[in-house]
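Novice: The sequence shown begins at 1 in the UniProt record's numbering and counts up one residue at a time.
Glycine included, C-beta positions come from ideal geometry on N, C-alpha and C.
One structure, as structure tokens, below. Some questions next.
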Amino acid sequence: MTETRFPDVPDDLAEVVDRHGRAVAALDNETVLADFRKDRIGQLLGSARPPDGLHAAELLSIEPGPDSLYTAHIRYTGAGGAQAVFRSRWIAMDGTWRVTQVRNVPDTPPVTPFAEPSADGLDTPHWAGLAQRELRIQHCPACGEWIWSPRPICPSCHHDELEWPSVDPTGTVYAWTRTWQPFHPSATGHLPYVVVAVELPAAGNRRVVGVLLDGDGADVRIGQHVTAEFDHSADAAAYPLLRWRLS
Numbered sequence: 001m002t003e004t005r006f007p008d009v010p011d012d013l014a015e016v017v018d019r020h021g022r023a024v025a026a027l028d029n030e031t032v033l034a035d036f037r038k039d040r041i042g043q044l045l046g047s048a049r050p051p052d053g054l055h056a057a058e059l060l061s062i063e064p065g066p067d068s069l070y071t072a073h074i075r076y077t078g079a080g081g082a083q084a085v086f087r088s089r090w091i092a093m094d095g096t097w098r099v100t101q102v103r104n105v106p107d108t109p110p111v112t113p114f115a116e117p118s119a120d121g122l123d124t125p126h127w128a129g130l131a132q133r134e135l136r137i138q139h140c141p142a143c144g145e146w147i148w149s150p151r152p153i154c155p156s157c158h159h160d161e162l163e164w165p166s167v168d169p170t171g172t173v174y175a176w177t178r179t180w181q182p183f184h185p186s187a188t189g190h191l192p193y194v195v196v197a198v199e200l201p202a203a204g205n206r207r208v209v210g211v212l213l214d215g216d217g218a219d220v221r222i223g224q225h226v227t228a229e230f231d232h233s234a235d236a237a238a239y240p241l242l243r244w245r246l247s
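Structure follows, in structure tokens:
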């Protein structure tokens, strides 16, 4: 029984979460909607992405926190054995338990299909560097100017033979934003995520933009140190994405 599996969780919550998971798998939308906070139904409906052909659910865990919430993990199975784990957070409201947050695990958006060099090829050396786990930034050997985004000629001295050296993939947060919009369908279920503009001391303080790894709930501040990681797609032919992690 669910109450013996989760000794630090109220018995009625364990029952509600278990029933909720089964309702999601059964596509019982009436029950699922009744479990959502009424003031967040619109947000919650687009916050998680189940596997196609959803048909089964397994409650993996429930634990106290953060604060007065309880966190549950439910694994859903779809057609062909495809699986997705949802992390839902529950709050006591109106004499019952309501879902106040839900999202896929992990919280970092996956590599998107448009992660590739631009049509004009100007940034191809940068993407080739990512495939080699290097951060390459355009540089002018004539005047020493670091250039980003890529240009056909140096904007400072107009030299047209530019180079792409590998630079130290560390920097500081210049600006950041927490994004609630799925700008590509692959990001659905991984909201919100944090995008950071990172200033690179090794590249003349040029700034590059990328997603912060595990950024959901992160306490991001201007000036924090970050380190680059290279996030490879499951498709071996695809280019990796440059991600950032708080140091």
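How long is the line joining the alpha carbons of F230 and R221, rounded to whole angstroms?
Specialist: 22 Å
Novice: Considering Cα atoms alone, identify which of G215, R243 and L200 is closest to G223.
Specialist: Taking only the C-alpha atoms, the option nearest G223 is L200.
Novice: Considering only residues of the UniProt domain "ChsH2 rubredoxin-like zinc ribbon" (127-163), which uninterrupted alpha helix (DSSP H) runs meet the minimum length of 4 residues and lie entirely inside it, listed in chain order?
Specialist: none
Novice: Give a yes or no on whether the C-beta atoms belonging to G171 and V226 are separated by under 8 Å.
Specialist: Closer than 8 Å, so yes.
Novice: Under the three-state reduction of DSSP, which class applies to T177: helix, strand or coil?
Specialist: strand
Novice: Tell me which residue opens and which closes the beta strand (DSSP E) that D11 is part of.
Specialist: From DSSP, D11 is part of no beta strand (DSSP E) but of the alpha helix (DSSP H) over D11 to A25.
Novice: So W164 and A203 are supposed to be a Cβ contact under 8 Å. How far apart are they, rounded?
Specialist: Not confirmed; about 11 Å, so no contact.
Novice: Assuming G78 and D52 make a contact with CB atoms under 8 Å, what is their CB distance in whole Å?
Specialist: 5 Å
Novice: Need the endpoints of the alpha helix (DSSP H) that D35 sits in, please.
Specialist: N29 to D35
Novice: Taking V16 as the reference, give the member of T124, R98, P66 and P50 with the closest Cα.
Specialist: R98
Novice: Within 8 Å, do at least three Cβ pairs link the segment 6-13 to the segment 62-70?
Specialist: yes
Novice: Among the residues of its own chain, which have a CB less than 6 Å from the CB of S88, if the five just before and after it don't count?
Specialist: A72, V99 and V102
Novice: Can you give the beta carbon distance from D214 to T108, rounded, assuming they're within the 8 Å contact cut?
Specialist: D214 to T108, Cβ: 6 Å. Contact.
Novice: Could you name the residues that DSSP lists as bridge partners for residue 249?
Specialist: With the chain covering 1 to 247 only, the question about residue 249 has no answer from this structure.
Novice: Leaving out five residues on either side along the sequence, give the residues of the same chain with a beta carbon under 6 Å from the beta carbon of A197.
Specialist: Y174, A175, R207 and V209
Novice: Assign S166 to one of three DSSP states: helix, strand, or coil.
Specialist: strand
Novice: Give the DSSP-derived three-state secondary structure of A238 in the structure shown.
Specialist: coil
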